[in-house]
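In my numbering, the protein residues as written are 27 to 665.
1) Put residue 610 into one of helix, strand or coil per three-state DSSP.
2) Could you pull the start and end residues of the alpha helix (DSSP H) that residue 288 belongs to?
3) Taking the CB atoms as reference points, tell me whether residue 57 and residue 82 lie closer together than 8 Å.
4) Apply the 10 Å Cβ neighbour rule to residue 390 and answer buried if 16 or more other Cβ atoms are within range, or exposed otherwise.
5) On the DSSP letters alone, give me the boundaries of the alpha helix (DSSP H) that residue 161 sits inside.
6) In three-state terms, what does DSSP make of residue 183?
7) How many Å lie between residue 300 and residue 538 at the Cα?
8) Taking contact to mean at least 3 C-beta pairs separated by less than 8 Å, is the segment 522 to 529 in contact with the segment 299 to 319?
9) Should the segment 623 to 631 be called in touch with the segment 371 to 385, which here means at least 3 C-beta pairs below 8 Å?
10) Decide yes or no for the touch test of the segment 210 to 223 against the segment 143 to 154: beta carbon pairs closer than 8 Å, at least 3 of them.
11) From residue 312 to residue 574, what distance separates their C-alpha atoms?
12) Looking at C-beta atoms only, is the number of pairs between the segment 237 to 248 and the segment 421 to 428 that lie closer than 8 Å three or more?
13) Could you round the C-beta distance between residue 192 and residue 136 to whole angstroms and report it? I think they count as a contact, below 8 Å.
14) I'd like to know if the segment 549 to 569 and the segment 337 to 350 are in contact, where contact means that at least 3 CB-CB pairs between them fall below 8 Å.
15) On the premise that residue 495 lies in contact with residue 486, defined as a C-beta separation below 8 Å, what is that separation, rounded to the nearest angstrom?
16) Given residue 118, which residues of its chain have a CB within under 8 Å of its CB, disregarding the five upstream and five downstream residues?
17) Just the C-alpha distance for residue 320 and residue 298, rounded to the nearest angstrom, thanks.
18) Starting from the Cα of residue 369, find the closest Cα among 66, 546 and 234 and give me that residue.
19) I'd like to know whether the C-beta atoms of residue 619 and residue 601 end up nearer to each other than 8 Å.
20) Go through its chain and collect everything with a Cβ distance to residue 508's Cβ below 7 Å, but skip five positions before and after it.
21) Assign residue 391 to one of three DSSP states: helix, strand, or coil.
22) Would you mind stating whether residue 186 and residue 453 have Cβ atoms separated by less than 8 Å?
23) Is residue 285 closer than 8 Å to residue 546 when the C-beta atoms are compared?
24) Determine the DSSP secondary structure at residue 93, reduced to helix, strand or coil.
25) Output the distance between the C-alpha atoms of residue 245 and residue 232, rounded to the nearest integer angstrom.
26) I'd like the list of long-range same chain contacts for residue 673, defined as Cβ closer than 7 Å, with 5 residues on each side in sequence excluded.
27) Apply the 10 Å Cβ neighbour rule to residue 656 and answer buried if 16 or more other Cβ atoms are within range, or exposed otherwise.
28) Should residue 430 and residue 206 be called a contact, given that it needs their Cβ atoms to be closer than 8 Å?
29) Does DSSP put residue 248 in a helix, in a strand, or in coil?
30) Taking residue 511 as the reference, give the member of 634, 259, 572 and 121 with the closest Cα.
31) So what does DSSP say about residue 265, is it helix, strand or coil?
32) Would you give the residue range spanned by the alpha helix (DSSP H) that residue 376 belongs to?
33) State the Cα-Cα distance for the pair residue 585 and residue 413, rounded to the nearest angstrom.
34) Please identify the residue among 502, 599 and 343 whose C-alpha is closest to the C-alpha of residue 459.
35) Rounding to the nearest angstrom, what Cα-Cα distance links residue 292 and residue 542 in this structure?
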């Protein structure tokens with residue numbers, strides 16, 4: 027009997043992996059083509075659209091993320107069985123879609139089996155992609171369905187049979203195939219594909235060059251370039267970690283060369299990249315869920331995000347500028363900067379796909395999916411013909427499709443598992459009970475409830491992606507915020523904002539950790555520095571709730587002064603935290619500036635006047651302190 031040598035086994039293993047990579051790429055391309063088709067010609071029925079989307083994603087997950095990294099034959103067979111099962115249960119939904127309303131009256135054993143297997147496959151797929159935390163949360167909710175009769179009266183319910191749970195979770199529009207997966211199978215998928223084409227079109231170089239041209243010469247120019255370029259790239263990529271990797275490889279070494287410590291450079295990149303999910307026109311995937319939750323247009327969400335995004339980047343810009351002033355860092359030499367006119371002349375075309383999206387959605391009232399389809403077509407053309415474009419071959423075009431298809435995996439898994447959580451809430455009536463309980467715990471205090479909500483978002487964001495954190499908190503806590511009188515848009519923006527900034531919140535600050543790897547800096551030090559830089563931005567959600575004019579709820583006469591007050595509050599808080607206002611500030615002055623900022627969170631004539639007075643006092647104290655210090659120094663020099 028002949029036995030294969032170690033070398034032969036290694037070659038066989040590499041060939042198997044190569045074939046597997048090709049299969050996954052074909053599936054990813056198929057998924058992208060499917061979403062391009064439905065974006066142009068119109069989506070299938072809701073269940074058919076979502077079942078195709080989830081089926082392809084499940085197969086890719088089980089092939090891309092094996093149950094064991096050792097690559098044993100048995101584990102590969104198991105992964106293949108999981109992949110086939112994922113395709114099978116979703117195909118069952120596709121072909122039974124027209125019978126859903128009748129199935130409740132006559133559930134067959136095969137239906138129950140498919141439902142149970144489908145739920146387990148979704149949980150396992152999510153575990154492989156995202157780790158244990160979100161599947162564990164969903165499992166706790168599922169346990170609650172069965173343990174309801176044994177729970178305290180406050181959260182008790184009658185309990186449900188496994189058959190009823192399987193039906194509700196897998197055969198209704200209130201479980202896995204509900205609105206959350208619908209957003210992933212519609213808006214999110216096509217926008218992720220758009221970002222994949224943008225990345226290959228050469229736009230990244232343009233965003234970097236224009237940032238250098240406009241801001242490189244100013245104090246701390248390298249860090250300001252990082253902030254601006256990351257905001258531009260992040261507004262399209264919609265992923266904090268992807269943004270860090272995409273721009274950080276250039277900006278972080280540049281900041282270190284300018285004199286910033288490695289951990290600070292990484293923190294700046296992390297905070298700037300995180301804000302991309304808050305920035306129109308693309309926003310992050312969670313923003314599309316706001317559309318679904320509130321039943322509003324994507325245009326309304328884009329418009330509502332303008333001022334909060336501007337305040338976020340104003341806060342980061344101020345923190346970076348004051349840090350540069352404290353360290354005495356100058357701008358980049360003029361001979362190292364490209365002329366702005368030349369950059370715009372060469373690269374203005376890269377702004378046209380974004381302009382197309384904004385015009386078609388905002389002016390022509392085109393569906394976001396169709397608008398994105400035309401933006402992708404235009405981006406592909408630019409990538410083919412522009413000198414900086416990287417879509418010069420059919421292979422490069424297929425790579426864009428493949429990257430876009432794979433890019434939706436994490437969001438789809440999160441949305442499917444979130445569907446289980448939402449299904450439990452709708453089945454048991456838990457949402458109303460929890461909203462009433464939270465309001466009671468907060469004692470009816472809006473501030474206490476907001477602080478609780480922010481804390482829950484930040485904790486969840488440590489272990490799950492932004493989309494998942496938003497989905498869970500929006501389902502559980504947002505109704506309580508609305509119950510105490512906060513406008514629905516403001517409530518969901520509050521949750522959305524804190525779900526996003528959880529990416530820079532220790533101890534698990536994913537965006538900061540990614541940046542620390544590029545800077546070769548300490549992860550924890552980078553995380554805490556990013557949190558400090560982002561502290562100013564953390565008051566913006568409170569400003570939104572107390573002043574909904576910031577999300578354009580009101581007339582322009584209301585919006586303009588509210589925006590000015592919020593910008594002033596942001597400046598005062600940055601000044602107090604950094605301890606710098608044309609020079610170092612004493613602790614007393616810093617306290618006055620911070621107090622002024624906190625007062626300006628709640629708009630109103632009285633709070634604005636008192637806040638302005640406190641800031642003025644802090645400024646005067648700093649001037650008096652510097653003058654007295656100068657006199658003492660002069661006396662010492664003369665003696």
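In this text, a Cβ means the ideal position worked out from N, Cα and C, and glycines have one as well.
Answer, in terms of the structure:
1) strand
2) 288 to 300
3) A contact, by the Cβ cut-off of 8 Å.
4) exposed
5) That run of the alpha helix (DSSP H) goes 159 to 173.
6) Correct three-state label for residue 183: coil.
7) 9 Å
8) Judged by pairs of C-beta atoms under 8 Å, the segment 522 to 529 touches the segment 299 to 319, as three or more such pairs exist.
9) no
10) no
11) 20 Å
12) no
13) Contact doesn't hold; Cβ gap of about 11 Å is too wide.
14) yes
15) Yes, they are in contact, since the Cβ atoms of residue 486 and residue 495 sit about 4 Å apart, within 8 Å.
16) 140
17) 28 Å
18) 234
19) yes
20) 514 and 517
21) coil
22) yes
23) no
24) coil
25) 22 Å
26) Residue 673 lies beyond the stretch modelled for the chain, which goes from 27 to 665, so this question has no answer here.
27) Low confidence applies to residue 656: its pLDDT is 46, below 50, so where it sits in the model is not reliable, and the reading given next is rough at best. With fewer than 16 other Cβ atoms within 10 Å, it is exposed.
28) no
29) helix
30) 572
31) coil
32) Run containing residue 376: none; DSSP gives neither H nor E here.
33) 43 Å
34) 502
35) 5 Å
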